[in-house]
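Quick note, the sequences are listed as chains A and B, same order.
Everything in the first sequence is counted per this note's numbering, starting at 1 for the first residue and increasing by one.
Everything in the second sequence is counted per this note's numbering, starting at 236 for the first residue and increasing by one.
Glycine included, C-beta positions come from ideal geometry on N, C-alpha and C.
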Amino acid sequence: MSAFLEDFALCFVKNGRWQYLVNGLGVTLEVALAAIAMGLVVGFLVAVVRSSHDKYGHFPVLNFLAKTYLTVIRGTPMVVQLLITYYIILRSVDSKIAIAILAFGLNSGAYQAEIIRAGIVSVDPGQMEAARALGLSYWRAMTRIILPQAVRNVLPALGNEFIVLMKDTSIVGYIALIDLAKGGDIIRSQTYSVYLPYLTVAGVYLVLVMTFTALLGRLERHLRATGADPVHNDS
Amino acid sequence: MQDALLKIWGLKKRYGSLEVLKGVSTDIHSGEVVVMIGPSGGGKSTFLRCMNLLETPDEGLVYFDGVDIVSADEAQKNRIRSEMGMVFQHFNLFPHLSILDNITLAPRLVRKLKPEAAEKKAMELLDRVGLADKAKAYPQQLSGGQKQRIAIVRSLAMEPKVMLFDEPTSALDPEMVGEVLDVMKDLAKNGMTMVVVTHEMRFAREVSSRVLFLEGGRIAEEGTPAEIFGSPKSDRLRLFLGKVSM
Ligand SMILES: Nc1ncnc2c1ncn2[C@@H]1O[C@H](COP(=O)(O)OP(=O)(O)OP(=O)(O)O)[C@@H](O)[C@H]1O
Ligand SMILES: [Mg+2]
C-alpha cells in the first residue's frame, strides 16, 4: 500500500504533475468538442449536397468536390492528415489547437456526412413532397422537415462517431500538442512509472465516453418521448 | 363563364420510356369539385402532381389564376404551391412536430404570419374538424382518420385557392373513411375548389360537379356524375365502374 502511495505521489503530486492530466484533459475536450461541431457543419453541408445531387441532380460541381473530399479523407489515415495539416497546409499557423481542430473537424465531417446522408435517405419521400406542397422552399423543407428527422434516425451512429473522434484525438501528440494521452506520457517519461499514468489516462477516457454515451441515451429517450418513433414513419 | 382557376392544356409526362400522360387538357373553375377516377397506373396521381408542379410536365401548359406556372422561376413556384393545398394518401404529417406546429409551420415560414395569429387560425380550423384537443399531440398518437383530417387542416391553414386530394381515404380503415369524407363534403359545400382522386363513388356522385375518367394517360371520358355513372359511353368506363364497388 505504501508503495502505491509513493508511486501516486511521484506521478501526480510531486512538481504538480497532476496538471499535465488536468490541462491535457482540457485540450482533449476542446479539440474534440470543437471538431465535433465543425464536423457537424461540414457533414450537414456535404450530406445535403450529396443527397440533393443523387435525387434531383442539383449541384453537380459541388457534388464532385464533396465526393473527392470524402474519398481523400476516408482513404488516408488520420495521423497522416494531422501531419499534413500541421506541416504543409497550415505551416504558418501558430495555434496547434486550431490546427488539430481543423484536421479532426474535416476528418469527422466526412464520416458525419455519410451518416447524415443515410439519415436523409431514410426519411419518407412523402415528407419532402408535403413540405414543398405547402410552399416551403427546398432549403426550408430540408432544414425544417428532413434534417431533424434524418438526425433523429441516425443519432446512435452519429453518437458513435463522436466517441470515435474523442478517442482519436489522442494522437495530437504527433504535433506536440499536450492532450490527456500526451500528458500521461510525459508523466511516464519523467517518473519512469508506467502503470499509474497510463491506467489513469485510460480511466479518464473511459469515464468521458461513458458520460457521453449516457447523455446521448437521454437525448434519444427524450426525442422518442416527445416526437415520432423513427422506425414507423407512416405519419 | 369567368376564366378558369386552373387551365391545363396538352399535358404530357413521361418517366423514361413510359409515357404516363399523353396530352391531357381540362379547365377547373372556381367552386368546382372535380373527381378523377380511373384504373391504377392511369396517371391520376401524376396529373394531380403536375398541377402543383411536384412533377414538371414534359409538354403542355398549366395556368393557375391566369399565370403560366410551368415556366415560372423557383420562387414563383413556391408561392404558387403555397396557394394550392394537397392532401396525400399517406397523410405525410411531420412526425417530429406537434399537431399545432404541423399546421402553423407553413403559415409562419411562408406567409410570415405571427405565431399567435397562426395559432389562432390553426385552433379555429382544428375546432372545425373536431380535433382542437389534439393540438399538443404528435402525429403518431392519432388514428388514421384523425391524421388525415389534420393533414386537410394543415393545407387549409394556407388559405389555398384550390385543394388537391390524392386518394385521401385509401389508406384508412373503413370505419374512418366517413369522418374524412365529411370534412371534404363540408369544404365543398363552402365553395372550395377541389380536385379529388378517389375510389369513393358515392362521394363522387353526391359531391362532385364533374367526373374525369383518366385511363392510359388520357381523359377517356368526362361529364356530370349523372352522365358518368348513369350512362357511361365507353366500354372501358363501364368495365371500370363494374369493378369498383359502388
Ligand atoms: N416517379 C416515377 N418514376 C417512374 N415511374 C413512375 C413515377 N411515378 C409514377 N410512375 C408510373 O407512372 C404510371 C402512372 O402512375 P400514377 O401514379 O400517376 O397512376 P395512378 O393513376 O395514380 O395510379 P394509382 O391508382 O395506382 O395511384 C405508373 O405506371 C407508375 O408506375
Ligand atoms: Mg395514384
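Asked	Found
Taking the C-alpha atoms as reference points, what is the distance between H232 of chain A and S51 of chain A?	Summary for H232 of chain A: the model assigns pLDDT 45, below 50, so the residue's position carries little reliability, and this model does not support an answer.
Name the one or two DSSP bridge partners that T428 of chain B has.	B:V397
Is the beta carbon of I120 of chain A closer than 8 Å to that of I146 of chain A?	yes
Can you tell me whether F64 of chain A is buried or exposed? The criterion is at least 16 other CB atoms within 10 Å of its CB, across all chains shown.	exposed
Using C-beta distances below 8 Å, list every residue in its chain close to P60 of chain A, excluding the 5 sequence neighbours before and after it, in chain order.	H53
On the DSSP bridge list, what partners appear for M321 of chain B?	B:L399
Which first and last residues belong to the alpha helix (DSSP H) in which Y56 of chain A is found?	18-56
Going by C-alpha to C-alpha distance, which of B:G380, B:D238, B:V397, B:A357 sits closest to K371 of chain B?	B:A357
Apart from the five residues on each side of it in sequence, which residues of its chain come closer than 8 Å, Cβ to Cβ, to G217 of chain A?	none
Can you give me the start and stop residues for the beta strand (DSSP E) that G258 of chain B sits inside?	253-263
Can you list, in chain order, the residues of its chain with a C-beta nearer than 6 Å to that of S317 of chain B? Leave out the 5 residues immediately preceding and following it.	V345, M393
Rounded to a whole number of angstroms, what is the C-alpha to C-alpha distance between R188 of chain A and L25 of chain A?	16 Å
Give, in chain order, every residue of the stretch 121-137 of chain A whose Cβ lies closer than 7 Å to some Cβ of chain B.	G126, Q127, E129, A130, R132, A133, L134, G135, L136, S137
When you compare only the Cα positions, how much space is there between A461 of chain B and R440 of chain B?	7 Å
So is G278 of chain B buried or exposed if we call it buried at 16+ other beta carbons inside 10 Å?	buried
Let me know the secondary structure DSSP gives Y198 of chain A once reduced to three states.	helix
In angstroms, rounded to a whole number, what distance separates the CA positions of K257 of chain B and Y250 of chain B?	12 Å
So with Cβ pairs under 8 Å, would you call M393 of chain B a contact of chain A?	yes
Taking 7 Å as the line, does the beta carbon of E402 of chain B fall inside it for any heavy atom of ligand 2?	yes
Determine, for P148 of chain A, whether the minimum Cβ-Cβ distance to residues of chain B falls below 8 Å.	yes
Tell me whether Y250 of chain B, by its Cβ, gets closer than 7 Å to a heavy atom of ligand 1.	yes
Say whether chain B places a C-beta atom closer than 8 Å to the C-beta of R152 of chain A.	yes
Comparing the CB of K279 of chain B with every heavy atom of ligand 2, is any distance shorter than 7 Å?	yes
List, in order along the chain, the chain B residues whose C-beta lies closer than 9 Å to that of R144 of chain A?	F329, L332, L340, L344
Would you check whether ligand 2 has a heavy atom nearer than 7 Å to the C-beta of V432 of chain B?	yes
Using 7 Å as the cut-off, classify the Cβ of L288 of chain B as near or not near the heavy atoms of ligand 1, replying yes or no.	no
Report whether the distance from the Cβ of G530 of chain B to the nearest heavy atom of ligand 1 is below 7 Å.	This structure does not reach residue 530 of chain B, given that chain B is present from 236 up to 481, and the question cannot be answered.
Could you compute how far the alpha carbon of S280 of chain B sits from the alpha carbon of D401 of chain B?	6 Å
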